[in-house]
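K.L.:
Protein chains in written order, with our numbering: chain A, 1 to 445; chain B, 446 to 890; chain C, 891 to 1335; chain D, 1336 to 1780.
(1) Please go through the same chain and pick out, in chain order, the residues whose beta-carbon is closer than 8 Å to the beta-carbon of residue 964 of chain C, but skip the five residues on each side of it.
(2) According to DSSP, is residue 857 of chain B helix, strand or coil?
(3) Can you give the Cα-Cα distance for residue 1108 of chain C and residue 894 of chain C, rounded to whole angstroms?
(4) Using DSSP with H/G/I as helix, E/B as strand and the rest coil, what is residue 1451 of chain D?
(5) Is the beta carbon of residue 941 of chain C less than 8 Å from the beta carbon of residue 915 of chain C?
(6) What residues in the stretch 574-592 of chain B bring their beta carbon closer than 7 Å to a beta carbon of chain C?
(7) Using DSSP bridges, identify the partner residues of residue 819 of chain B.
(8) Could you tell me the distance, in whole angstroms, from the CA atom of residue 647 of chain B to the CA atom of residue 533 of chain B?
(9) Can you give the Cα-Cα distance for residue 872 of chain B and residue 715 of chain B, rounded to whole angstroms?
(10) Taking only the alpha-carbon atoms, compute the straight-line gap between residue 1692 of chain D and residue 1705 of chain D and give it to the nearest angstrom.
(11) Where residue 129 of chain A and residue 408 of chain A are concerned, what is the direct C-alpha to C-alpha distance, given to the nearest angstrom?
(12) Just the chain D side, please: which residues come within less than 8 Å of residue 386 of chain A by C-beta, in chain order?
(13) Please list the residues of the stretch 1608-1624 of chain D that have a C-beta atom closer than 9 Å to any C-beta atom in chain C, keeping them in chain order.
(14) Less than 8 Å between the beta carbons of residue 195 of chain A and residue 246 of chain A, yes or no?
(15) How about residue 1433 of chain D and residue 1456 of chain D: are their beta carbons less than 8 Å apart?
(16) Please compile the residues from chain B whose C-beta is within a distance smaller than 8 Å of the C-beta of residue 1319 of chain C.
(17) Is there contact between the stretch 920-931 of chain C and the stretch 1052-1064 of chain C, where contact requires at least three CB pairs shorter than 8 Å?
(18) I want to see whether chain G comes within less than 8 Å of residue 693 of chain B, judged by CB atoms only; does it?
(19) Based on Cα-Cα distance, which residue from D:1602, D:1696, D:1695 and D:1511 lies nearest to residue 1779 of chain D?
(20) Under 8 Å, Cβ to Cβ, is there at least one residue of chain A near residue 1415 of chain D?
(21) Within this structure, are the beta carbons of residue 1622 of chain D and residue 1679 of chain D separated by less than 8 Å?
(22) Closer than 7 Å, Cβ to any Cβ of chain A: which residues of the stretch 1346-1365 of chain D, in chain order?
(23) Closest by CA to residue 1603 of chain D, which one among D:1527, D:1573 and D:1684?
(24) Kindly indicate the opening and closing residues of the beta strand (DSSP E) around residue 1382 of chain C.
(25) Who are the near neighbours of residue 1398 of chain D in its chain, counting only those whose CB is closer than 7 Å to its CB and skipping five residues on each side?
(26) So what's residue 1413 of chain D in DSSP terms, helix, strand or just coil?
(27) My output table needs one value for residue 1579 of chain D: the three-state DSSP class, helix, strand or coil.
(28) In whole angstroms, give me the CA-to-CA distance for residue 1756 of chain D and residue 1574 of chain D.
(29) Quick one: what's residue 1544 of chain D bridged to in DSSP?
(30) What residue does the alpha helix (DSSP H) around residue 73 of chain A start on, and which one ends it?
(31) For the pair the stretch 386-405 of chain A and the stretch 254-265 of chain A, tell me if three or more CB-CB distances fall below 8 Å.
(32) For residue 1331 of chain C, does the count of other Cβ atoms within 10 angstroms reach 16, so buried, or fall short, so exposed?
(33) Would you report the Cα separation of residue 1430 of chain D and residue 1459 of chain D, rounded to the nearest angstrom?
(34) Taking the C-alpha atoms as reference points, what is the distance between residue 78 of chain A and residue 84 of chain A?
(35) Which of the three DSSP states, helix, strand or coil, is assigned to residue 135 of chain A?
(36) Is it buried or exposed for residue 1556 of chain D, if we count other Cβ within 10 angstroms and need 16 for buried?
Following this line, the structure appears as structure tokens:
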């Protein structure tokens, strides 16, 4: 996961990067960073924490220049140790460089081994460090050619922003697994970012998506931007971006995320007509799809579960005797609405099954007569290797249990998943998608 | 506003108070406090900040005993100064006492003047201090009689929890302006709290509402609880609790807040049929009513505005040039959905008009063809004096402008308010309500 | 203990109060507060923490006006609870008032009982609250007369600053137990503070000490200040101020604290000549006296123990196996200097004996051949009741053991205390002192 | 500057490293870090801040294993950016490695250029990164041989601790510019650290100094430790360690720092007999030398200036009108002692002259008749390049002004420096020292 942004030729470059990262906070909450350039030197601030925690006016004041790249990092394990925040900054033969990356390399370990065999040192566990090493070791004269050489080595899903003293490069892998959009700021500067919701906030105009296999070059010495089609495109955007990862107000490859999710709900209603009194979403993840289900089925939509927005990071954990309370701290059922009702509850995905189980328990405790769980995505049977932080096979409940077994485990009255075919149709079947978690087709070789 | 809670006879009294205050955080975010008693002495922790910030395991460990009362304080001005947090604790003739109060006294200033004339000192601006003074100055022998004497002096809206070494008193004014519910914990203890959503979280069973004019006494020396009807009830619960203040999963006087809000939306749709493509709520305040409007009118409901949950307290303010951005940091319209559409946008109230104006601007900027604003409450023409923090006449836009003038100011294509009659009918016209903000009928004399 | 300050008629009143409290931080580290007045209203900031932690530019900006009083509070038990910080602020019959107090009332509990019997409430455990109550209950017309009436009731050691809207009153008890000095600021304003070291920092000129039994009134309506001798003076300044409490650069009643401490060391050397190689102080408390001992005896003075200044509040405690390390975290002996030597170690007082015992252990571990402990004050056999936070009889080692028993307990080769007579002579035997901890003569009746 | 520590074979390795770094906090306050190993993997915690701020029980719990190395970093510029904390951790061909370094390489930039030319990337500005690169690029099979190869390339002053999975290497350059001592813990483990004061705190027994040019290897597979004399020793320990950098209770190369400083003061008194009433130190830096001066000259020693220990990092800066106050916040003269006196004031060094000027001003303001400044080190005319953070030529006042000109600038009645010869004699003229700041003899070629 993660979010990246690049801002070029704007009088408020680091400020625009800051608001863009804020708009994309949902893509990564562990750490964040911005590296700017004023054409002479790069400045950087990066740290563990939310965008609003890491940056203040003093930090933005330090990030001078009309160019900036930024990154939000998704939460992973090992937080007590040194945090691997991005952008990664380095000095190399041509001077200073900073790189931010969204995605995952499939040959990262191999490249790392090769580089280490050649005497390289790695100070983090991030693929991004591979990329900088490859650029630094290239014998090409220009940064552009070094980057192209490096891209020839790496395989996987990647959107990259690479910043030199005077240039920003925005690159997307040939499959376009992760979203990446190009826009123009009101002051004439350019912006590239993982999602279009950043554009809406900073007042940028959407130009187009960065194309799969494309490299866009912003250069202080030139007007506008240069586009190079490095690789033949074979577009397969990740279906998960539509299912739950992107913000509903983003538009990816011309499709409104909100509209796609509604359509998934509609498809679910067509495939799984249920005799029920209410359709309710798991907030906020299931809202759009639940609306679609309700419209298609004619069953009334209700916000039957209220989400508590004051849940912070320093909460006092319930004692053992009150373990059940844990999900209720975040999600409160409206008992008076649910009592005696047959309910369809919609969520966007089901990974380990533990949350679903708890939600069904609180709904039943509220007096619901029947609880039918509808997941508006297919069963997740394979770990993603292209940038989504899915757990290993062992923890993926659908990789280990049949739908009926899962239903029994979560104690739902029924459990339905979307078929892969319906998923694809909901997004638009004129194109191909990355569906590895569902079909195990690891297409990047 | 504010929230209060009292817990009696529970092995985890302060912990139950903590979770209850957490569940009622929406009623007050400025300061919070808990005072407990173990039958020998009172212990207290109170401070500026959210419930999750003020309390930690160490603090709960300090709050020993099987009795506790707590309070959340609503944000007001002057935060740099000493914070007036509750419960107020004092030593007086009978020993230690702690009091927490939700509501507002209308003769508070008069009593304060009288007490000061008699030589009393006031260390805060809180009405609650009046109440303790009155209790301390009573010549009655027992706390109960002192409280009753004090209640004979004060006028206004109040729910009170008063804690002595061995007793908790829960009192509600004869109008029952603020909600106050009574429940039983799983371990046999009792709980009183401003809203029932606290019961749901801590696993308490709702018994009944505390009655207008009732005093409930929990006494270590006695089984169960004692109820005294101090004043003849004249119930007029505050309509604002239903309109926007209470949490939707709470039930007040037997009415589900969520259901009442839907009904208000339905009433709006009946009174103001609009030719539109979509109904959207201002999240989260207008969601329930918008659902009602959509169902009644048949116009599709959409979550056309996404709320950003990462907005914190330390946000870097947009520069002057980007002032418009401010509302967008919290609320993001889904452009693709709104473009070219005629929209009904629902909110629960309109106070100053500034937020409404900004929302209409971002909707129009999103390409909406028409924006019809429907407020599912009547025009607020008078300041509340019974515990809701409404601004003065000067700032209440509806006290100074006609509906048409307000519409022009916020630049909506149309603007509708609910009639008082419809409001009352939506809640249930078998009873009376506190409607002072709408009708100016200040019924407490 | 504690420190108080009053600033009158200065363009930077709260800033001067801030620096004064900073200079007197050694008199109280638990909590601090300032209350200012601009002639119309009082503003206040007070909180748990050090002066530099509680106040920032924003806080000082809030504390407007050309008058201010302030207070540092000494650390006591129960820190998790609500902190009793001063100045105490209240509204009473004549308007707003703020009071800060250094000292201790001996009839505080009696007055409190009386006031409570009359219906007063106490929100803290501070004597200061008594004083405000008495002022508020007086029937006199003017604040001055109300204060005088209140002072007629209280007994004990007190230095007070009392601030109304337009006036500051500085009052010292007739015994002058606590120090209190009067000075003039460079901008013409006046300052009163517990110690003269505050004057040196803020650039104030020392005028004279506030006289025992004197009330000084600063009034916006009048030039200069008015002095009223309320009580016949019977001066007995607390000997502990000279022994260890005041800062060495302060001058109290015309005597340099630094010089007095040296003289105590000289007296010790005269009374207890020891055959030793080195004289070393316990830093920083014993430095001045050790210099005096060395000069008088001719034995070389050495800084044989180094104090670590990085000891903070969040230190990781040594494990049980390393308990001995605890004193070493603060005090490091210079082994090479001490090895094989006969050492006189000087400290200013001995209360429980635990620290002395640990120090002697680390000196012996360093290879010292003999360790002779010289305490430059008499044996503490009685708790102080006039404002010094001495422990109860049970914990005072000299109240329970003979000098020889204490010596055996702390494992010193010899142990000497100053006689009361020498103590008095060292300060100046032309006057009387409060010596209650030594002679048990509780002279305030 | 900076401090390093290595702990091997101790059950509490990271805890011992923590206390050692705490004892050496004076050598670096900007950032600190520890990297431990349990024989299988390395764990690390490093961050901006003091030792007591960065580490807590949770952090120590994370740092598992019986081996650990640690580092304190001296304050430098650019604090807003990413902090360059040590130890540096990396993955390289043989696995994990961590390195901490105290000193300065003189060919660091050349090596960096060479490595970068070969395709290396640098993520910090620290010499330490050079060393890891050289180790990683070596083609030797074993870490030991790789380190030796790397040491063949670097030139400069260095003490290093290098940690692999199972070994710790402690290395000191052939000149022994920085101190480095070897000790044994009570549990049988070993410790190496920059200063012996760490041993005293953790209860380690001093074995000997690490020899100039020596590599000590601690290996889990072997008993005790192995010593290899890599380079022919040419010992020239930095004189500044004795003058002001080390803690007075440390012993360096068999010389007590405290005793050496006293001797410097004695030498000053012999070379510059002054007709004065008092000798006072600038606390705490001049205390030891001032004692020596006083003893040699017979002029009484006094603590004429009191140091304030509450100065924190968040202090409110005095306004322009009160600039003079700045030095007084830290240093308070005892006016009553100084008035009318002829004073010798001792400090350990004079770099820019600004502090000396301010101190002389406050002493004169206190009424001192004459102020004679004695600096117990020679004039600093050259920047150190071997690890002491001296400013550039332009800022070194003695590189630009004669002693008389400096005296006039700081407004002293006289100003004296120690001769280089006396300095050397004070430490012990049987050996050679690094004196580059005084004589400009940059002996490392």
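Note that CB positions come from ideal geometry on N, CA and C, so glycine has one too.
P.N.:
Well, looking at it:
(1) Start at 1 with the first residue of the third chain, and residue 964 of chain C comes out as number 74. Closer than 8 Å at Cβ, skipping near neighbours: 891, 892, 917, 918, 919, 920 and 1279.
(2) Translated into the one-based positions of the second chain, residue 857 of chain B becomes position 412. Coil at residue 857 of chain B, not helix or strand.
(3) Working through the third chain from its first residue, we reach residue 1108 of chain C at position 218. Working through the third chain from its first residue, we reach residue 894 of chain C at position 4. Residue 1108 of chain C and residue 894 of chain C have their C-alpha atoms some 16 Å from each other.
(4) Along the fourth chain, read from residue 1 onward, the residue named residue 1451 of chain D stands at position 116. Helix, per DSSP.
(5) Taking the third chain and counting its residues from 1, one reaches residue 941 of chain C at position 51. Taking the third chain and counting its residues from 1, one reaches residue 915 of chain C at position 25. Residue 915 of chain C sits close to residue 941 of chain C, with the two beta carbons spaced by under 8 Å.
(6) For the stretch 574-592 of chain B, which is checked against every Cβ of chain C, the residues closer than 7 Å are 577, 578, 581 and 582.
(7) Taking the second chain and counting its residues from 1, the one referred to as residue 819 of chain B is at position 374. Listed as beta-bridge partners of residue 819 of chain B by DSSP are B:791 and B:861.
(8) On the second chain, position 202 is the one that residue 647 of chain B refers to. On the second chain, position 88 is the one that residue 533 of chain B refers to. Going by C-alpha positions, residue 647 of chain B is about 25 Å away from residue 533 of chain B.
(9) Here residue 872 of chain B corresponds to residue number 427 of the second chain, with the count starting at 1. Here residue 715 of chain B corresponds to residue number 270 of the second chain, with the count starting at 1. Just so you know, the alpha carbons of residue 872 of chain B and residue 715 of chain B end up roughly 16 Å apart.
(10) Here residue 1692 of chain D corresponds to residue number 357 of the fourth chain, with the count starting at 1. Here residue 1705 of chain D corresponds to residue number 370 of the fourth chain, with the count starting at 1. Approximately 14 Å, taken between the alpha carbons.
(11) Residue mapping note: residue 129 of chain A aligns to position 129 of the first chain, counting from 1. Residue mapping note: residue 408 of chain A aligns to position 408 of the first chain, counting from 1. Taking the straight line from one Cα to the other gives about 45 Å.
(12) Here residue 386 of chain A is taken as the residue at index 386 of the first chain, counted from 1. None at all; the shortest Cβ gap to chain D is about 24 Å.
(13) Within the stretch 1608-1624 of chain D, the qualifying residues are 1619, 1622 and 1623.
(14) Counting from one through the first chain, the residue named residue 195 of chain A turns up at place 195. Counting from one through the first chain, the residue named residue 246 of chain A turns up at place 246. The criterion of a C-beta distance shorter than 8 Å is satisfied by residue 195 of chain A and residue 246 of chain A.
(15) In the fourth chain, the residue the question calls residue 1433 of chain D occupies position 98. In the fourth chain, the residue the question calls residue 1456 of chain D occupies position 121. No, the Cβ-Cβ distance between residue 1433 of chain D and residue 1456 of chain D is not below 8 Å.
(16) Locating residue 1319 of chain C in the third chain gives position 429, where the first residue counts as 1. Simply none; closest approach about 44 Å.
(17) Yes: the two stretches touch, three or more of their Cβ pairs being nearer than 8 Å.
(18) In the structure shown, chain G does not exist; the protein chains are A, B, C and D.
(19) Along the fourth chain, read from residue 1 onward, the residue named residue 1779 of chain D stands at position 444. Of D:1602, D:1696, D:1695 and D:1511, the residue nearest in Cα terms is D:1511.
(20) Your numbering for residue 1415 of chain D matches position 80 in the fourth chain. Note that residue 1415 of chain D scores a pLDDT of 43, beneath 50, so its modelled location is shaky; the value from the coordinates is reported in the next line. By this cut-off, residue 1415 of chain D is an interface position.
(21) As a first step, residue 1622 of chain D is located in the fourth chain; it is residue number 287 there, counting from the start. As a first step, residue 1679 of chain D is located in the fourth chain; it is residue number 344 there, counting from the start. Not closer than 8 Å, so no.
(22) Correct list: empty, as no residue qualifies.
(23) Position 268 of the fourth chain, counted from the start, is the residue given in the question as residue 1603 of chain D. Comparing Cα positions, the closest option is D:1684.
(24) This structure leaves residue 1382 of chain C out entirely; chain C is present only between 891 and 1335.
(25) Locating residue 1398 of chain D in the fourth chain gives position 63, where the first residue counts as 1. The residues 1349, 1369, 1371, 1378 and 1380, in chain order, have a CB closer than 7 Å to that of residue 1398 of chain D in the same chain once the five nearest residues on each side in sequence are set aside.
(26) As a first step, residue 1413 of chain D must be located in the fourth chain, where it is residue number 78. With a pLDDT of only 40 at residue 1413 of chain D, under 50, the local geometry of the prediction cannot be trusted, and no value is derived from it.
(27) For the purposes of this step, residue 1579 of chain D is taken as residue 244 along the fourth chain, with counting starting at 1. Shown here, residue 1579 of chain D sits in a helix according to DSSP, grouped into three states.
(28) Position 421 of the fourth chain holds residue 1756 of chain D. Position 239 of the fourth chain holds residue 1574 of chain D. Per the coordinates, the alpha-carbon of residue 1756 of chain D lies some 12 Å from the alpha-carbon of residue 1574 of chain D.
(29) In the fourth chain, residue 1544 of chain D corresponds to position 209, counting from 1. D:1516.
(30) Taking the first residue of the first chain as 1, we reach residue 73 of chain A at position 73. Taken as a continuous stretch (DSSP letters only), residue 73 of chain A belongs to no alpha helix (DSSP H), being part of the beta strand (DSSP E) at 67-73.
(31) In short, these stretches do not touch, since the Cβ pair count stays below three.
(32) The sequence position of residue 1331 of chain C within the third chain is 441, counting from 1. Flag for residue 1331 of chain C reads exposed.
(33) Working through the fourth chain from its first residue, we reach residue 1430 of chain D at position 95. Working through the fourth chain from its first residue, we reach residue 1459 of chain D at position 124. For residue 1430 of chain D and residue 1459 of chain D, the distance between alpha carbons rounds to 21 Å.
(34) Taking the first chain and counting its residues from 1, the one referred to as residue 78 of chain A is at position 78. Taking the first chain and counting its residues from 1, the one referred to as residue 84 of chain A is at position 84. Note that residue 78 of chain A has pLDDT 40, beneath the 50 cutoff, so the model's placement of it is unreliable and no number is given.
(35) Your numbering for residue 135 of chain A matches position 135 in the first chain. Residue 135 of chain A: helix per DSSP, three-state reduction.
(36) Translated into the one-based positions of the fourth chain, residue 1556 of chain D becomes position 221. By the neighbour-count rule (16 or more Cβ atoms within 10 Å), residue 1556 of chain D is not buried but exposed.
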